[in-house]
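Per the numbering used here, the sequence shown starts with residue 5, numbered consecutively. The beta-carbon is built from N, C-alpha and C at its ideal position, and this holds for glycine as well.
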Amino acid sequence: MRAVQLFEYNQPPRVVEVPRPEIQGPFDVIVKIAGAGVCRTDLHIMEEVWRHSLGDPKLPYTIGHENAGWVEEVGSAVTGLSQGDPVILHPLMSCGVCRACRAGNDMHCENSKFPGLDGTDGGYAEYMRTSVRSVVKLAPGTDPAPLSPFADAGITAYHAVKKIAPLTYPGSVVALVGVGGLGHFAAQLLKVMTTAKVIAIETREQRLGFAKELGCDEAVLAGQDGGVQAVLDYTNGRGADVVLDFVGEHGTPDNALKMVRKGGTYSIIGYGGTVAPTTLDMISRELNVIGNLVGTYNDLVELMELAHQGKVKITSAQFPLEQAAAVWHYLDAGEIVGRGVLVP
5 MRAVQLFEYN
15 QPPRVVEVPR
25 PEIQGPFDVI
35 VKIAGAGVCR
45 TDLHIMEEVW
55 RHSLGDPKLP
65 YTIGHENAGW
75 VEEVGSAVTG
85 LSQGDPVILH
95 PLMSCGVCRA
105 CRAGNDMHCE
115 NSKFPGLDGT
125 DGGYAEYMRT
135 SVRSVVKLAP
145 GTDPAPLSPF
155 ADAGITAYHA
165 VKKIAPLTYP
175 GSVVALVGVG
185 GLGHFAAQLL
195 KVMTTAKVIA
205 IETREQRLGF
215 AKELGCDEAV
225 LAGQDGGVQA
235 VLDYTNGRGA
245 DVVLDFVGEH
255 GTPDNALKMV
265 RKGGTYSIIG
275 YGGTVAPTTL
285 DMISRELNVI
295 GNLVGTYNDL
305 VELMELAHQG
315 KVKITSAQFP
325 LEQAAAVWHY
335 LDAGEIVGRG
345 VLVP
């Protein structure tokens, strides 16, 4: 079968022929991939950002961690799934028995595998192997391909919004930094899950209208100060109750800390930069700084219910698997609105 594999860091992955995966354990599921979302993390994988934190995965391996498709084959202990069922896959393969899993925090599983990231073969391929614990069954007749970005970008945004929702109230303000692949989900989710007003900050003028279409109450260009003054003006000088940062680099952490109000919360989703408030600033303004990983399996189930109800939608563009290198170039240049999806 065809697969996109990483052979060398700082070099583009290649489309190659590899053996089709086979059932190895009783809880395995083989999925025929319908679509795989293209994520900025893929670029970071190629650039060695994740290499050492993941224990230097053995190359080559198939990347791609936002996956959806149809059940092809199941292990002997799998029930409730049949060949042809449309499914979306939680990105982690969790064990189900460690403390984190038993507490419902399966994205922190102590024995997890992360296909497409840690050396385990992912979904930029015609087929992939996963665990039944990762499979979310979709409604019969659903086309899984356009839904694949929900599997990581969607649930990461959902997880972040769900965490800060209790901190909002009618009249509160959430500043949304970056309305891209993850941020465009958050814009919609903030309107579904909170009563807050939302101001979006973008570096690209063409995305301001996009942010308004998604439900944001205001959308402004970042400008030289990263949007700080615009947020202060919008909040009569108080600052935002919550800042959701979907960029996390290029100065956004510093700017986010300037636009959050006293007692407010800076929530980090994007990464690559450094968060460095002084201890005095943290104490005198009583700031909260929280990080966000990908969401849980239950987060994905809940998000898919919102999608089924038509309350959250994906803006995406589909490309053939062979165009993977071109799609990463478009993503890196900021030319993809929403999310890109590779289709085998």
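Shorter than 7 Å, the distance from the beta carbon of residue i to the closest heavy atom of the ligand NAP, or not?
{"i": "ARG265", "result": "Absence of the ligand NAP from the depicted structure is noted, as is the absence of any ligand whatsoever, leaving it without description."}
Could you tell me which residues DSSP pairs with residue i in its beta bridges?
{"i": "LYS317", "result": "Its beta-bridge partners do not exist; DSSP assigns none."}
{"i": "SER135", "result": "ASP32"}
{"i": "VAL19", "result": "VAL8"}
{"i": "GLY295", "result": "ILE272"}
{"i": "ASN71", "result": "ALA40"}
{"i": "ARG343", "result": "SER320"}
{"i": "GLU222", "result": "ILE203"}
{"i": "GLU77", "result": "ILE34"}
Just tell me which of the options has its CA closest to the CA of residue i.
{"i": "HIS56", "options": "GLY123, GLN192 and GLY274", "result": "GLY123"}
{"i": "GLU326", "options": "THR256, ARG265, LYS36 and VAL19", "result": "VAL19"}
{"i": "LYS317", "options": "LEU304, CYS113, PHE250 and GLY158", "result": "GLY158"}
{"i": "VAL181", "options": "LEU63, VAL246, VAL251 and LEU193", "result": "VAL251"}
{"i": "LEU346", "options": "GLY73, MET50 and ILE27", "result": "GLY73"}
{"i": "ALA337", "options": "GLY213, ALA200, THR207 and GLU21", "result": "THR207"}
{"i": "VAL82", "options": "PHE31, GLY41 and CYS102", "result": "PHE31"}
{"i": "PHE214", "options": "SER320, SER152, TYR275 and MET132", "result": "SER320"}
{"i": "GLY184", "options": "MET5, TYR128, PRO144 and ASP249", "result": "ASP249"}
{"i": "GLU132", "options": "THR256, VAL75 and GLY344", "result": "According to the sequence provided, residue 132 is Met. The question's Glu does not apply to it. Ranking THR256, VAL75 and GLY344 by Cα distance to MET132 puts VAL75 first."}
{"i": "GLY140", "options": "GLY84, ARG265 and ALA7", "result": "Note that residue 140 corresponds to Val in the displayed sequence, not to Gly. Per the Cα distances, GLY84."}
{"i": "VAL177", "options": "LEU194, VAL202, HIS188 and ALA169", "result": "VAL202"}
Count the other C-beta atoms from every protein chain shown that fall within 10 angstroms of the C-beta of residue i, then say buried if there are 16 or more, exposed otherwise.
{"i": "ARG211", "result": "buried"}
{"i": "PRO119", "result": "buried"}
{"i": "GLU209", "result": "exposed"}
{"i": "MET97", "result": "buried"}
{"i": "GLU309", "result": "exposed"}
{"i": "THR199", "result": "exposed"}
{"i": "ILE287", "result": "exposed"}
{"i": "GLN192", "result": "buried"}
{"i": "ILE49", "result": "buried"}
{"i": "ASP110", "result": "buried"}
{"i": "GLU70", "result": "buried"}
{"i": "ASN240", "result": "exposed"}
Quick check: what's the CA-CA separation for residue i versus residue j?
{"i": "LEU186", "j": "CYS43", "result": "9 Å"}
{"i": "ALA328", "j": "THR282", "result": "42 Å"}
{"i": "GLU130", "j": "ILE67", "result": "12 Å"}
{"i": "PRO95", "j": "SER116", "result": "10 Å"}
{"i": "ILE205", "j": "GLY227", "result": "9 Å"}
{"i": "SER86", "j": "GLU114", "result": "29 Å"}
{"i": "PRO348", "j": "LEU304", "result": "23 Å"}
{"i": "LEU225", "j": "LEU121", "result": "33 Å"}
{"i": "LEU284", "j": "GLY267", "result": "14 Å"}
{"i": "CYS91", "j": "ARG137", "result": "Note on identity: in this sequence residue 91 is Val, with Cys being the wrong assignment. So the alpha carbons of these two residues sit roughly 12 Å apart."}
{"i": "VAL78", "j": "TRP54", "result": "31 Å"}
{"i": "VAL298", "j": "GLU26", "result": "27 Å"}
{"i": "LEU307", "j": "PHE154", "result": "8 Å"}
{"i": "GLU51", "j": "TYR13", "result": "6 Å"}
{"i": "THR278", "j": "TYR128", "result": "31 Å"}
{"i": "ARG106", "j": "ASN302", "result": "13 Å"}
{"i": "GLY88", "j": "TYR270", "result": "43 Å"}
Does DSSP put residue i in a helix, in a strand, or in coil?
{"i": "ARG211", "result": "helix"}
{"i": "PHE323", "result": "strand"}
{"i": "ARG289", "result": "coil"}
{"i": "LEU63", "result": "coil"}
{"i": "VAL251", "result": "coil"}
{"i": "ASP303", "result": "helix"}
{"i": "PRO90", "result": "strand"}
{"i": "LEU151", "result": "helix"}
{"i": "GLY267", "result": "strand"}
{"i": "LEU121", "result": "coil"}
{"i": "ALA244", "result": "strand"}
{"i": "ALA107", "result": "coil"}
Just checking: is the beta-carbon of residue i within a distance shorter than 8 Å of some beta-carbon in chain B?
{"i": "LEU284", "result": "Here there is only one protein chain, and chain B is not present."}
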